[in-house]
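Worksheet: the structure to be examined is printed underneath.
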Amino acid sequence: MPTLYYAVGACSLAPHIALEWIGKPYEAVKVQYGSDELLAVNPAGAVPTLREDDGWLLTQAGAILDYLAHKHPEAMLAGGNDLRAKAEAHRWSAFLTSDVHAAFWPIFMPSRYTTDTNDAARKAVSAAGQQLVAKQFAMLDRHLDGREYILDGGRSVIDAYAFPMMRWAKKLLPGQLNEYPNVQALHDRIAADPAVQRVLAREHAPGHEKRAD
Ligand SMILES: N[C@@H](CCC(=O)N[C@@H](CS)C(=O)NCC(=O)O)C(=O)O
Numbered sequence: 001m002p003t004l005y006y007a008v009g010a011c012s013l014a015p016h017i018a019l020e021w022i023g024k025p026y027e028a029v030k031v032q033y034g035s036d037e038l039l040a041v042n043p044a045g046a047v048p049t050l051r052e053d054d055g056w057l058l059t060q061a062g063a064i065l066d067y068l069a070h071k072h073p074e075a076m077l078a079g080g081n082d083l084r085a086k087a088e089a090h091r092w093s094a095f096l097t098s099d100v101h102a103a104f105w106p107i108f109m110p111s112r113y114t115t116d117t118n119d120a121a122r123k124a125v126s127a128a129g130q131q132l133v134a135k136q137f138a139m140l141d142r143h144l145d146g147r148e149y150i151l152d153g154g155r156s157v158i159d160a161y162a163f164p165m166m167r168w169a170k171k172l173l174p175g176q177l178n179e180y181p182n183v184q185a186l187h188d189r190i191a192a193d194p195a196v197q198r199v200l201a202r203e204h205a206p207g208h209e210k211r212a213d
C-alpha cells in the first residue's frame, strides 16, 4: 500500500484527504520537517512525499494529487477526463502551487524574504504576504461564484488541495475568509465531510498509524 509522509498543518493534508476519499488502504506517517526520516525519502526535507510499495517516490503536492486521481479513476477525483477538463485541473493545481501556496511563504517564513533582521522589516514582509494571499483568494472567490467545487467536473483532488490553504487563510488573514464568501462556503463544505474530519483527527493524534479498513 502507498505511504504518505505528512506534517501537521501542512499542504500534505491535501493528499491525505485524497487517499481517504479514494478509500483504499494506505499508510500515513507523521514526520518533522528536515528530519532524517523525511530526508531519506525527500532530499528537500519537505512534505508531502508519497512512496509506493516498490520504493518509487513522488514529491510535489500537485503531482501526487494528479497521480492519485488517475491511479484511481473509480474515485472520480480528477474533475473529468476530456482534454479541457484535464487542462483546467492542471491550471488550478498550478494556481494553488505557484500563486496561492507561494503567497503564504512570506507570512510563514519572513526571514527567507529579507536579510533585514529587525522585527519591523519581518512584519512588513509578512504584511506583503497577506496582501498577496488576499489577491489570490479574491481570484478564487470570483471563480467559485455559482460553483460548488473548483472544477466543473465535481468534487476533485483540487478541492482537497485548496483545503489546507483555506485553513491557513482563516488563521492568518486579519479578516479570515469573511471577504470571500464562496471560498468560505467551499471550506465549510469540505470541512463538513466525515472523511476530512477523520483525516484531521488522525493528523492530530500522536505517532504513526495505518488506515483501518
Ligand atoms: N512545492 C512543494 C512545496 C512543499 C513544501 O514546501 N511543503 C511545506 C509544508 S506545506 C514543507 O514541507 N516545508 C518545510 C520546509 O520548507 O522546510 C509542493 O507543492 O509539494
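When the count follows UniProt numbering, it moves up by one through the sequence shown with no breaks and lands on 213 for the last residue. Each residue gets a CB set at the ideal place from its N, CA and C atoms; glycine is no exception.
By alpha-carbon positions, which one of the options ends up nearest to residue i?
i	options	result
Ser-98	Gln-136, Ile-150, Val-29 and Ala-14	Gln-136
Met-76	Ala-169, His-90, Trp-21 and Ala-94	Trp-21
Glu-179	Glu-148, Ala-138 and Pro-43	Ala-138
Ala-87	Asp-152, Met-165 and Val-8	Asp-152
Leu-96	Leu-19, Ala-78 and Ala-162	Ala-162
Trp-92	Lys-170, Ala-18 and His-143	His-143
Gln-60	Pro-73, Val-41 and Ala-78	Val-41
Gly-62	Pro-73, Ala-89 and Ala-120	Ala-89
Would you report the Cα separation of residue i and residue j, rounded to the nearest angstrom?
i	j	result
Leu-132	Asp-36	33 Å
Val-183	Ala-85	21 Å
Ala-185	Thr-3	31 Å
Asp-145	Pro-181	9 Å
residue 222	Trp-168	Since the first and last residues shown for the chain are 1 and 213, residue 222 lies out of range.
Lys-24	Ala-7	21 Å
His-101	Asp-54	30 Å
Lys-210	Leu-39	Because the pLDDT at Lys-210 is just 44, under 50, the model does not fix this residue reliably, and the value given afterwards should be weighed accordingly. For Lys-210 and Leu-39, the distance between alpha carbons rounds to 21 Å.
residue 219	Phe-104	Only positions 1 to 213 of the chain appear in this structure, which leaves residue 219 out of reach.
Pro-48	Arg-122	27 Å
Thr-117	Ala-127	16 Å
Lys-170	Asp-141	14 Å
Ser-111	Asp-82	43 Å
Arg-147	Cys-11	23 Å
Ala-124	Leu-177	21 Å
Pro-73	Thr-115	47 Å
Can you say whether residue i is buried or exposed, counting buried as having 16 or more other CB atoms within 10 angstroms of its CB?
i	result
Trp-56	exposed
residue 228	Since the first residue of the chain shown is 1 and the last is 213, residue 228 is not available in this structure.
Met-1	exposed
Tyr-33	exposed
Pro-15	buried
Ala-212	Annotation note: pLDDT 35 at Ala-212 (below 50); position unreliable, no value reported.
Gln-197	exposed
Gly-9	exposed
Pro-206	exposed
Taking 8 Å as the cut-off, does the stretch 155–168 touch the stretch 66–84 (at least 3 CB pairs, one atom from each stretch)? At 8 Å Cβ cutoff, the stretches touch.
Extract the residue ranges of the alpha helix (DSSP H) inside the UniProt domain "GST N-terminal" (1–76), only unbroken runs of 4 or more that lie entirely within it. You should have 13–22, 36–39 and 61–71.
Would you call the stretch 190–209 and the stretch 21–31 in contact, with 3 or more CB pairs under 8 Å? In this structure the stretch 190–209 lies against the stretch 21–31, because at least three pairs of beta carbons, one per stretch, are closer than 8 Å.
Taking only runs that begin and end inside the UniProt domain "GST C-terminal" (82–213), name each unbroken alpha helix (DSSP H) of 4 or more residues, in chain order. List check, alpha helix (DSSP H) in window: 83–94, 102–108, 119–144, 157–172, 181–191 and 194–203.
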